[in-house]
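**Student:**
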Amino acid sequence: MRFSIYRYNPETDKKPYMQDFDVDVVANGCTMVLDVLLYIKNHMDETLTLRRSCREGVCGSDGMNINGKNGLACVMHVAKLKEPVIIRPLPGLPVVRDLVVDMTQFYQQYEKVEPYLQNNQPVPAKERLQSPEERAKLDGLYECILCGCCSTACPSYWWNPDKFVGPAGLLQSYRFIADSRDTATNERLADLADPFSVFRCRGIMNCTDVCPKGLNPTKAINNIKDLMVKESV
Amino acid sequence: MSLPTQLFDAVIIGGGGAGLRASLELAQSGLNVAVISKVFPTRSHTVSAQGGVNAALGNTDGSDDWRWHMYDTVMGSDFLGDQDAIEYMCKNAPETIYELEHMGLPFSRLDDGKIYQRAFGGQTRNYGGELVHRTCCAADRTGHAMLHTLYQKNLEAKAKFFNEWFAVDLVKTASGVAGVIAMSIETGEVVFLKSRATILATGGAGRIFQSTTNAHINTGDGFGMVLRAGLPLQDMEFWQFHPTGIYGAGTLITEGSRGEGGYLVNKDGERYMERYAPHLKDLSCRDVVSRSSMMEIREGRGCGPKGEYVLLKLDHLGADVINARLPGIRDLSMTFAGVDPLKDPIPVVPTCHYLMGGIPTNMHAQVLDHKNGQDSIVEGLYAAGECACVSVHGANRLGANSLLDIVVFGRAAGLHVQQSVREGLGYREPSLDEIDYAMTRLNRWNNNEKGESVEEIRSALQKIMQEDYGVFRTAEYMQKGFKKLEDLQKRLQYAAIKDKSRCFNTTRVEALELDNLMATAIATAYLANERTESRGAHARFDYPERDDQHWLKHSLYYQSGQIAFRPINMKPHEVKPIELQARDH
Ligand SMILES: Cc1cc2nc3c(=O)[nH]c(=O)nc-3n(C[C@H](O)[C@H](O)[C@H](O)COP(=O)(O)OP(=O)(O)OC[C@H]3O[C@@H](n4cnc5c(N)ncnc54)[C@H](O)[C@@H]3O)c2cc1C
Ligand code: SF4
Ligand code: SF4
Ligand code: FES
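Sequence lines, in order, name chains A and B. Going by our numbering, the first sequence runs without a break in its numbering and finishes at 245. Going by our numbering, the second sequence runs without a break in its numbering and finishes at 598.
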């Protein structure tokens with residue numbers, strides 16, 4: 013099976029190029045795209061550079077663009093892909109080397125939403141109570157693995173990566189807004205009220221379409237917008 | 014060689030649960046702390062933990078007692094655990110869990126709004142009585158929820174992070190540890206981080222085996238660092254094999270799936286754990302369940318065309334339970350086994366999962382050396398989490414006790430460092446030679462031009478460990494394996510990397526990791542061969558019984574090949590010691 017992979021090492025290459033590798037995926041037991049990439053690195057070209065850790069879709073290291081769609085290499089079945097498989101780094105972020113992108117800006121947008129529980133009431137001796145229904149509101153939000161697949165698929169994020177928080181950051185923001193234990197909802201909404209942070213979202217749904225954890229940032233963003241409208245009435 | 018130096022009150026090596034719990038404690042106290050992690054912190058292995066974390070809250074059952082939790086942990090450890098440390102962990106568990114809840118950890122809930130608790134293996138009421146529900150969880154993503162919550166709180170506390178920096182080696186002086194040499198993966202820049210206290214929180218090393226539930230990054234870097242600094246490792250023969258790794262892929266199916274009511278069957282459809290362990294059945298300790306599964310497979314009752322696995326049955330739990338409590342498991346088994354557990358059983362095998370041994374510490378996470386029968390504290394060095402051996406897990410860890418271990422002792426390390434700095438813990442001044450020593454292997458990898466590749470040596474290493482040091486061990490196999498390991502260790506000195514780039518050179522990182530895998534494997538091989546008994550996860554065909562008369566002690570290994578022993582602590586502070594007894598299944 014043929015894999016065409018984006019290569020770029022700033023120390024040796026003037027500009028990026030695509031390199032083809034032919035791998036017998038069946039004979040080498042490569043089920044997932046990550047298996048193929050590691051096979052190439054281990055047996056064909058050790059300079060191939062990528063991030064990986066858990067190899068089971070929970071750490072968010074190996075987000076990349078596979079046949080035009082962002083996803084995690086470790087849970088992407090080779091058998092389901094069209095040949096030649098074209099593998100590129102996540103779009104829109106600076107490339108450090110090969111499939112490794114610089115995620116600094118992505119993390120900064122995450123930090124901007126103050127992604128931690130804020131509660132101004134006295135701390136109880138035991139747990140804060142939360143009903144199963146209240147807790148259920150966090151499902152579909154807290155599972156985000158910060159892989160960056162969504163934000164780097166979002167046209168609005170490509171144009172304004174410094175000002176538009178992007179789907180991943182906004183999903184996290186809503187994760188805390190939706191938490192019955194968080195008391196900073198008003199401040200959180202106020203911090204997002206400028207024309208860019210949230211309102212650059214055009215509802216294109218690319219983010220939701222690619223999220224490997226099946227999360228729905230578009231819905232979270234719409235919920236934030238709804239709350240903002242309610243607040244201002 | 015003189016290197017750029019940065020000064021900190023504390024440097025924490027590792028951004029998993031243990032490291033982040035320690036750094037939070039320290040950053041909140043206003044000390045100048047740095048966390049180094051070879052991956053962005055939320056990509057640490059803690060993120061994979063599924064089932065939950067133990068604390069005797071009694072939320073599901075109405076009552077529970079940390080003393081029962083302590084009893085179970087000592088029994089589970091097959092008496093190799095230190096009772097003072099186990100007492101500290103179990104007693105502090107409820108408070109530690111409530112703290113995490115206050116930080117925002119999204120625990121699953123009971124109808125009354127309290128934290129949901131499920132059943133896990135080896136957890137009983139009233140000192141060995143009925144099964145108890147003691148495992149707090151966030152569905153089957155507890156580690157993810159814990160790690161992200163801790164990282165988020167560290168952001169709030171403004172801890173300083175060196176993300177994607179690799180710790181190469183400790184800098185050790187005659188009086189203690191002065192800090193660590195670290196390398197930026199992105200730029201290749203090398204820096205000496207000098208600190209009053211260095212905390213190792215580098216996690217496990219499951220990658221010494223071919224088949225493991227562990228992430229690629231679990232390469233035992235802390236173990237290599239400690240050995241090269243001339244310090245010992247403890248109880249390295251005790252590796253836990255988890256009964257339910259997905260056949261072929263190695264990915265884990267949490268014990269929580271049996272806690273929710275799932276069970277194992279052989280090719281005849283027999284629920285064989287009823288035969289091996291009539292009392293706790295599928296929720297017996299992991300060593301017991303793994304050995305039982307291996308016996309079924311060896312005796313020809315395994316499933317599949319080659320009879321190489323057993324089946325985990327969940328479909329009888331129904332869609333509601335599976336979707337609410339085990340959604341991640343359903344995902345994983347569809348992705349990696351092609352099986353939907355709502356309909357079909359999952360093919361599973363015992364798979365390397367966790368190291369009970371590690372860097373010996375006391376209850377404050379201070380690293381210990383042992384000379385002439387006496388413990389001594391290594392000034393300026395701490396260890397917590399899976400890389401440490403305090404020892405709360407002894408010869409066999411209970412499920413959901415590791416997430417507890419990492420937060421309880423991560424916190425303890427943070428508290429003790431604070432106190433030591435307040436009491437005047439200073440810096441140690443290394444000589445240039447001492448810094449050079451810590452640079453030795455980085456220089457070796459940079460200079461070696463031609464030789465075998467990292468992958469050649471690594472895969473050979475994993476094969477030896479898998480074949481000769483697995484669930485069942487014998488002197489014959491281990492000695493054969495040991496010869497192969499020694500040979501491989503020599504070859505490693507001449508191995509080389511072709512990629513010498515400074516920019517995000519992951520091959521260089523893998524080479525540095527390989528040294529640590531090798532050090533970990535050799536330590537395991539030495540101590541496994543030495544211990545002529547079966548205890549907990551260390552099971553020998555040639556010595557099938559536990560031998561308390563000779564082996565009720567911790568074993569220590571030094572890089573020089575020297576082996577020593579330390580007594581087990583049987584003196585808890587508040588309760589009566591738990592007396593030696595046979596483990597009754
Ligand atoms: C699949 C799976 C499921 C599990 N489920 C449970 C469960 O339900 N309950 C439970 O109690 N336990 C569970 N465990 C065990 C538990 O998750 C781990 O033991 C625990 O998370 C280890 O945490 P840690 O902080 O010690 O290390 P890790 O989380 O492994 O963190 C290690 C850190 O050290 C850093 N590091 C390592 N080497 C270097 C270096 N050279 N330079 C710089 N940084 C370095 C890494 O980047 C990482 O940040 C599970 C384990 C597995 C494999
Ligand atoms: S829905 Fe909004 S955030 Fe998502 S891709 Fe579209 S514009 Fe971006
Ligand atoms: S929302 Fe989904 S795609 Fe976006 S960062 Fe989180 S897990 Fe990745
Ligand atoms: S390697 Fe962790 S998500 Fe793919």
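Quick reminder that beta carbons are idealized off the backbone N, C-alpha and C, glycines included.
#1: Which residues in the same chain as proline 358/B place their Cβ atom closer than 8 Å to its Cβ, once the five residues preceding and following it in sequence are excluded?
#2: Closer than 6 Å by C-beta to glycine 28/B: which residues in its own chain qualify, once you throw out the five before and the five after it? Chain order, please.
#3: Closest to phenylalanine 174/B by C-alpha separation, out of Val52/B, Thr86/B, Val66/B, would be which residue?
#4: So the candidates are Arg299/B, Arg241/B, Thr186/B, Ile448/B; which of them puts its Cα closest to the Cα of isoleucine 535/B?
#5: With a 10 Å radius around its C-beta and 16 neighbouring C-beta atoms as the bar for buried, classify alanine 202/A as buried or exposed.
#6: Considering only residues of the same chain and omitting the five flanking positions on each side of tryptophan 81/B, which have a CB-CB separation below 8 Å?
#7: Go ahead and pull the three-state DSSP assignment for phenylalanine 188/A.
#8: If we cut at 9 Å on Cβ distances, does serine 73/A have a partner in chain B?
#9: Would you kindly report the start and end of the unbroken alpha helix (DSSP H) that includes valine 239/B?
#10: Under 8 Å from any heavy atom of ligand 6, does the C-beta of glutamine 63/B make it?
#11: Could you please tell me which residues of the stretch 200-215 of chain A, in chain order, have their CB closer than 7 Å to any CB of chain B?
#12: Ignoring anything shorter than 3 residues or poking outside the stretch 373-409 of chain B, list the beta strand (DSSP E) runs there in chain order.
#13: Helix, strand or coil, according to DSSP, for proline 96/A in the structure here?
#14: Please name the residue in Gly201/B, Lys476/B, Thr162/B whose C-alpha comes closest to that of valine 181/B.
#15: Rounded C-beta distance between methionine 441/B and glycine 393/B? I'm assuming under 8 Å.
#16: Measuring from each Cβ to the nearest heavy atom of ligand 4, keep the ones under 7 Å and list them in chain order.
#17: To the nearest angstrom, how far is the alpha carbon of alanine 106/B from that of alanine 85/A?
#18: Assuming arginine 304/B is part of the alpha helix (DSSP H), what are its boundary residues?
#19: Does phenylalanine 15/A come out as helix, strand or coil in the three-state DSSP assignment?
#20: Against chain B, does phenylalanine 33/A count as a neighbour if the rule is that its beta carbon must be under 9 Å from one of theirs?
#21: Would you kindly report the start and end of the unbroken beta strand (DSSP E) that includes threonine 148/B?
#22: Given a cut-off of 9 Å on the beta-carbon distance, is the pair leucine 183/A and proline 136/A in contact?
#23: Look up lysine 124/A in the DSSP assignment and say whether it is helix, strand or coil.
#24: In chain A, which residues lie with their C-beta within 7 Å of the C-beta of tyrosine 111/B?
#25: Say whether chain B places a C-beta atom closer than 9 Å to the C-beta of serine 163/A.
#26: Check for me: the beta strand (DSSP E) holding asparagine 518/B runs from which residue to which?
#27: Against glutamate 199/B, what residues of chain A qualify as contacts under a CB-to-CB distance less than 7 Å, listed in chain order?
#28: Could you tell me the boundaries of the alpha helix (DSSP H) in which aspartate 97/B lies?
#29: Going along the chain, which residues of the stretch 112-126 of chain B sit with their C-beta nearer than 7 Å to a C-beta in chain A?
#30: In chain A, which residues lie with their C-beta within 7 Å of the C-beta of phenylalanine 517/B?
#31: Considering only DSSP beta bridges, list what asparagine 67/B is partnered with.
#32: How would you write the range of the beta strand (DSSP E) that isoleucine 342/B sits in, first residue to last?
#33: Any heavy atom of ligand 2 closer than 8 Å to the CB of proline 229/A?
#34: So, with DSSP's three-state summary, where would you put isoleucine 335/B?
#35: Taking 8 Å as the cut-off, is the CB of serine 168/A close to at least one heavy atom of ligand 2?
#36: Can we count lysine 51/B as close to ligand 1, meaning its CB is less than 8 Å from some heavy atom?
**Tutor:** Looking at the coordinates:
#1: Shown here for proline 358/B: same chain residues with a beta carbon closer than 8 Å to its own, the five before and five after excluded, namely Val278, Leu324, Leu325, Lys326, Leu327, Asp328, Val352 in chain order.
#2: Within the same chain, and ignoring the five residues on either side of glycine 28/B in sequence, the residues whose Cβ sits closer than 6 Å to its Cβ are Val48, Ser50, Pro54, Ser57.
#3: Sorting Val52/B, Thr86/B, Val66/B by C-alpha distance to the C-alpha of phenylalanine 174/B places Val52/B at the top.
#4: Nearest option by C-alpha distance: Arg241/B.
#5: With fewer than 16 neighbouring CB atoms inside 10 Å of its own CB, alanine 202/A falls in the exposed class.
#6: Excluding its 5 nearest sequence neighbours in each direction, tryptophan 81/B has C-beta neighbours in its own chain below 8 Å: Ala69, Thr137, Arg138, Asn139, Tyr140, Val145, listed in chain order.
#7: Phenylalanine 188/A falls in the helix class under three-state DSSP.
#8: With 9 Å as the cut-off, serine 73/A counts as an interface residue toward chain B.
#9: Where valine 239/B is concerned, the enclosing alpha helix (DSSP H) stretches over 234-241.
#10: As presented, the structure is devoid of ligand 6, carrying ligand 1, ligand 2, ligand 3 and ligand 4 as its sole ligands.
#11: Residues: none.
#12: Correct list: 379-384, 387-396.
#13: Note: proline 96/A maps to coil in three-state DSSP.
#14: When the alpha-carbon of valine 181/B is set against those of Gly201/B, Lys476/B, Thr162/B, the nearest one is in Gly201/B.
#15: Here residue 441/B turns out to be arginine, not methionine, going by the sequence shown. Indeed they touch by this definition, with Cβ atoms about 6 Å apart.
#16: The set, ordered by position in the chain, is Leu46/A, Arg64/A, Ser65/A, Cys66/A, Arg67/A, Glu68/A, Gly69/A, Val70/A, Cys71/A, Gly72/A, Ser73/A, Asp74/A, Leu84/A, Ala85/A, Cys86/A, Val87/A, Ile157/A, Cys159/A, Arg56/B.
#17: Near 38 Å, if we compare the C-alpha coordinates of alanine 85/A and alanine 106/B.
#18: For arginine 304/B, the enclosing alpha helix (DSSP H) stretches over residues 299-311.
#19: Residue state for phenylalanine 15/A is assigned as strand, using DSSP reduced to three classes.
#20: No, phenylalanine 33/A does not count as interfacial toward chain B.
#21: Where threonine 148/B is concerned, the enclosing beta strand (DSSP E) stretches over 144-149.
#22: In this structure, proline 136/A does not lie closer than 9 Å to leucine 183/A by Cβ.
#23: Helix at lysine 124/A.
#24: From the beta-carbon of tyrosine 111/B, the residues of chain A found nearer than 7 Å are Lys138, Glu139.
#25: Under the Cβ criterion of 9 Å, serine 163/A is not counted among the residues facing chain B.
#26: Counting along the chain, asparagine 518/B falls outside any beta strand (DSSP E), and DSSP gives it neither H nor E.
#27: Result: Val108.
#28: For aspartate 97/B, the uninterrupted alpha helix (DSSP H) segment begins and ends at 96-116.
#29: The residues in question are Glu114, His115, Met116, Gly117, Pro119, Ser121, Arg122, Asp124, Gly126.
#30: Result: Thr61, Val108, Arg109, Val112.
#31: Answer by DSSP bridge pairing, in chain order: Thr148/B.
#32: Counting along the chain, isoleucine 342/B sits inside no beta strand (DSSP E); it lies in the alpha helix (DSSP H) bounded by residues 340-349.
#33: Yes - ligand 2 has a heavy atom lying nearer than 8 Å to the Cβ of proline 229/A.
#34: Of the three classes helix, strand and coil, the one that applies to isoleucine 335/B here is helix, per DSSP.
#35: Because some heavy atom of ligand 2 lies under 8 Å away, the Cβ of serine 168/A counts as near it: yes.
#36: Yes, the Cβ of lysine 51/B comes within 8 Å of a heavy atom of ligand 1.
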